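See structure below.
Protein chains: 2
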Amino acid sequence: MDIAILGYGVVGSGVAEVIRKNGRSIADRAGEQIRVRKILDIRDFPDSPDRELMTRDPGEIFGDPGIKIVVETIGGTGAAREFTIRALSAGKHVVTSNKELVAVHGPELLKLAADNGVSYLFEASVGGGIPIIRPLSQCLAANVINGITGILNGTTNYILTKMRRENCSFEEALKNAQQNGYAEADPTADVEGHDTCRKIAILSSIAFNEYVDCSRIHTEGISRITLADMLYAEAMDSVIKLIAVSRREGDRIFARVSPAVVSREHPLAGVEDVFNAIVVSGDAIGDAMFYGRGAGKLPTASAVVADVIDIVKHNERTKMVWQRRETDNMVPFGDSVTRCLVRAKARDRSEAAADIERLFGQVDHVRADIKGIDDELAFTTSRMTESSLAERIAALKQMKSVKEVVNVIRILEP
Amino acid sequence: MDIAILGYGVVGSGVAEVIRKNGRSIADRAGEQIRVRKILDIRDFPDSPDRELMTRDPGEIFGDPGIKIVVETIGGTGAAREFTIRALSAGKHVVTSNKELVAVHGPELLKLAADNGVSYLFEASVGGGIPIIRPLSQCLAANVINGITGILNGTTNYILTKMRRENCSFEEALKNAQQNGYAEADPTADVEGHDTCRKIAILSSIAFNEYVDCSRIHTEGISRITLADMLYAEAMDSVIKLIAVSRREGDRIFARVSPAVVSREHPLAGVEDVFNAIVVSGDAIGDAMFYGRGAGKLPTASAVVADVIDIVKHNERTKMVWQRRETDNMVPFGDSVTRCLVRAKARDRSEAAADIERLFGQVDHVRADIKGIDDELAFTTSRMTESSLAERIAALKQMKSVKEVVNVIRILEP
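Residue numbers (the working numbering), protein chains in the order written: chain A, 1 to 414; chain B, 415 to 828.
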């Protein structure tokens, strides 16, 4: 079985490397040899072991009937989308690690694959090397999936772990992540939660068997999280993580990406550094967690190759396509329910405490001895809707007793 | 697609229940309706919702060409084996949760399935509802698997968690587990590690692509673990778990089941109660962990149903059979290398310390303030072979300075 790779970046070159290195065991599993016939990239790689395979002409790939599977590791929604459409239309299977393309154009690309009797697979788009897409769609097939909760971005988890362990600021931890190659020069997509948002959209679409549009998911990143927030969390025997949640609520779907206070009792609390983990809640299985390296050249490449093997072994075709519902399928963010940790700088502590109780009812005060902070009240709210929360926070800001609302961080419910 | 269930116990009745409850989503995933046509059991179930399906005559199942898949949830290696052979020989797929049968007769049953062009699947035999067999054989197909480390038995993990949290003895915790239905009246198979041993044998056979015989795996249970052992582990910032390990060592395979001191830094340390977790180490993926409820009616049943769906959807046939190697494929236990925590009751502390140093070289002493224990020396050894360890422990027992070697517990290496 001959394949082509589009884009010889980190993941693309990793795919070639894994196939070269583990060729024998891959052939054992797939039932036949898998060979890379062509690699498309516009750059020169004179020192690469794959240099003989390079081409700049897409026609050499799409016009070659001997190439049955195309691996798309270009990224983005430009050339990647164009080439994916071209490959599927030509009756070639496509395997990708491109979460943006799947999250944004998944319904159309899956339909195109189904119409052409081929597969469009994307195990590597979520959780790097962690097998999650296939377990979710196949192994858990006997369950009705009620919800998914996960740490889906290695960069932000590395930054948060670094801040907590080394008592440093977000900016310092980000710089360190960039120096170590765990964050890009422009870290926005990771740090502001967009990457996590695309991933939870993909997982939700599979779990709930209909398209969940990532642009409809409320998304907050970690750039406003401070060391003091972490020390308050510590006082609650918790840690702060960037958490994606999604769940069925009646006939609709709720999804959100935000920093959250996670109790140390929760299995996600122990997920550190660049690791990712995904908790899937099914009606029969209960909670199952999948954990591993969420990114990196070889883990991601091995997930791509697993998809390739699956196509070779099962000659599988995409059947499940993601329908876009005609009516709105998402719970409006304001209607969703949450608990929060609120930090407020007080002008007058006892007056502020009275105002808080008037606005939020009974609250639990969180006491933490934090250097340089002595005029703050921190408390956790009861469960309330996001719109009710927003109103009360706005009102709190107006109080004379309160100088400033420092931060509002959601609490992950068990 | 019509199926039959052999054995209407906890798992068998769970399978019928999951198919009844989630019929629609199962049909969505499988591509067609799955119906239970017959259930074989010799007992009466007059109040069961499945009573109309019951039969005592195996012929009604094996002679019915309309039944394409047989679910074996009888357990053991007697009737279960006989019926499995009969079903496979009749060209029916077999799905099972029976780890003993798979561990002991796997090679023959897989070959019989392959010869008859049908499948023999056993996702539910390890890890209850946790998808692990399929991810291991399919999703990780692109990796060379180097090792597996796991907590594979819910009963023993519940007992160890209970002992540590509630400061109670093994006997008290076992009694509690029995009262709560987490341990059987005869708990030997769980408590002495035999259940764990069968499961690691199955996982190893898949990972290393050849038969690993469970009778060749060194197996120790948890019945000799005391609260004091746990307090020493605590002093090492660790916990004690019943751990199965297996890994490639050159051309051979090493596997072991034993209690082990597990550092809190290790992802398995946080696995509590009846939960199971399996860490798979691949050359490309690094470490991936699978976590969830390792037992229970519905989790296990959902794993059985996932296998059924897989057969319906892919019309898959068993191809991979486990070869028995002609020569010994296991690392002799005495040659395997380990570190240990050793507890010795001293007649004379300073003399005992000198004897220990003479026998074990440089050791790290573990200091714990344990009520009622004041004449003990506890220490961790360097890495050494099991035979060297056994010799030194035997010598230590002979020392005049030493009254008794209280316990020797292996340390899980990271």
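For each residue, glycine too, the CB sits at the ideal point set by N, CA and C. Since this is a predicted model, take the numbers as computed values, not measurements.
Asked                                                                                                                                                                      : Found
Given that Leu554/B touches chain A, what residues does it touch there, using C-beta distances under 8 Å?                                                                  : Pro131, Ser302 and Ala306
Does the CB of Leu416/A have a neighbour CB from chain B at under 8 Å?                                                                                                     : Because chain A in this structure spans residues 1 to 414, residue 416/A falls outside the shown range and cannot be described.
Quick check on DSSP: helix, strand or coil for Leu152/A?                                                                                                                   : coil
Would a C-beta distance cut-off of 8 Å place Val262/A and Ser281/A closer than the cut-off?                                                                                : no
Run through the region 446-501 of chain B for me and flag every whole beta strand (DSSP E) of 3 or more residues, listed as ranges in chain order.                         : 449-454 and 481-486
On the DSSP letters alone, give me the boundaries of the beta strand (DSSP E) that Asp604/B sits inside.                                                                   : It is not in any beta strand (DSSP E) - Asp604/B instead sits in the alpha helix (DSSP H) that spans Thr602 to Val605.
Out of Lys711/B, Lys506/B, Ile453/B and Asn571/B, point me to the one whose CA is closest to Pro479/B's CA.                                                                : Lys506/B
Measuring CA to CA, which of Lys513/B, Thr794/B and Lys613/B is closest to Val780/B?                                                                                       : Thr794/B
Closer than 9 Å by beta-carbon distance: list the chain B residues that pair up with Ile5/A, in chain order.                                                               : Per Cβ cutoff of 9 Å: no residues; Ile5/A is ~14 Å from chain B at best.
Less than 8 Å between the beta carbons of Asn560/B and Arg678/B, yes or no?                                                                                                : no
So Ile419/B and Ala430/B are in contact, right, with Cβ under 8 Å, and what is the actual spacing, rounded?                                                                : 6 Å
Would you mind sorting Thr602/B into buried or exposed? The rule is 16 or more other CB atoms within 10 Å of its CB.                                                       : exposed
Output the residue ranges of the beta strand (DSSP E) runs that lie fully inside the region 349-389 of chain A and measure 3 residues or longer, sorted by chain position. : 376-380
How long is the line joining the alpha carbons of Thr714/B and Glu108/A, rounded to whole angstroms?                                                                       : 36 Å
Can you name the residues of chain B whose CB is closer than 8 Å to the CB of Asp287/A?                                                                                    : Gly706 and Arg707
So which residues on chain B does Arg134/A lean against when the C-beta distance must stay under 9 Å?                                                                      : Pro545, Arg548, Pro549, Gln552 and Cys553
Using a Cβ-Cβ cut-off of 7 Å (strictly less than) and excluding sequence neighbours within five positions of Asn116/A, which residues of its own chain qualify?            : Leu88, Ser89 and Gly91
Rounded to whole angstroms, what is the Cα-Cα separation between Pro414/A and Gln737/B?                                                                                    : 45 Å
Tell me the residue span of the alpha helix (DSSP H) that contains Glu403/B.                                                                                               : With chain B covering 415 to 828 only, the question about residue 403/B has no answer from this structure.
Which residues bound the beta strand (DSSP E) around Pro713/B?                                                                                                             : Unbroken run through Pro713/B is the alpha helix (DSSP H), Lys711 to His728; no beta strand (DSSP E).
With a CB to CB cut of under 7 Å and the five nearest residues on each side skipped, what residues in its chain are close to Gly193/A?                                     : Thr219, Glu220, Gly221, Leu242 and Val257
Compute the Euclidean distance between the alpha carbons of Asp471/B and Ala587/B, then round it to the nearest angstrom.                                                  : 42 Å
Could you tell me whether the Cβ of Arg248/A comes closer than 8 Å to any Cβ of chain B?                                                                                   : no
By DSSP, does Pro414/A sit in helix, in strand, or in coil?                                                                                                                : coil
Can you list, in chain order, the residues of the region 725-759 of chain B whose Cβ is nearer than 9 Å to any Cβ on chain A?                                              : Lys727, His728, Glu730, Lys733 and Met734
How is the alpha helix (DSSP H) around Tyr232/A delimited, first residue to last?                                                                                          : Leu227 to Ala235
So if DSSP puts Thr575/B in a beta bridge, which residue, or which two residues, is it bridged to?                                                                         : DSSP lists no partner for Thr575/B.
What does the alpha-carbon distance come out to for the pair Ile544/B and Gly708/B?                                                                                        : 7 Å
State the CB to CB distance for the pair Val516/B and Glu486/B, rounded to an integer number of angstroms; the pair is presumed to be in contact (CB under 8 Å).           : With a Cβ gap of about 10 Å, Val516/B and Glu486/B do not count as contacting.
Return the CA-CA distance between Val822/B and Ser618/B, expressed in angstroms with no decimal places.                                                                    : 26 Å
Taking Asp442/B as the query, report the chain A residues whose CB atoms sit under 9 Å from its CB, ordered along the chain.                                               : Ala141, Asn209 and Met320
At least one CB of chain A closer than 8 Å to the CB of Pro463/B: is that the case?                                                                                        : no
Can you tell me whether Ala698/B is helix, strand or coil according to DSSP?                                                                                               : coil
Can you tell which of Thr510/B, Ala493/B and Ala674/B has the C-alpha that lies nearest to the C-alpha of Phe536/B?                                                        : Thr510/B
Give the residues from the region 668-690 of chain B that approach chain A closer than 7 Å (Cβ to any Cβ), ordered along the chain.                                        : Pro681 and Gly684
In the DSSP assignment, find the unbroken alpha helix (DSSP H) run with Pro259/A in it and report its ends.                                                                : Unbroken run through Pro259/A is the beta strand (DSSP E), Arg252 to Ser263; no alpha helix (DSSP H).
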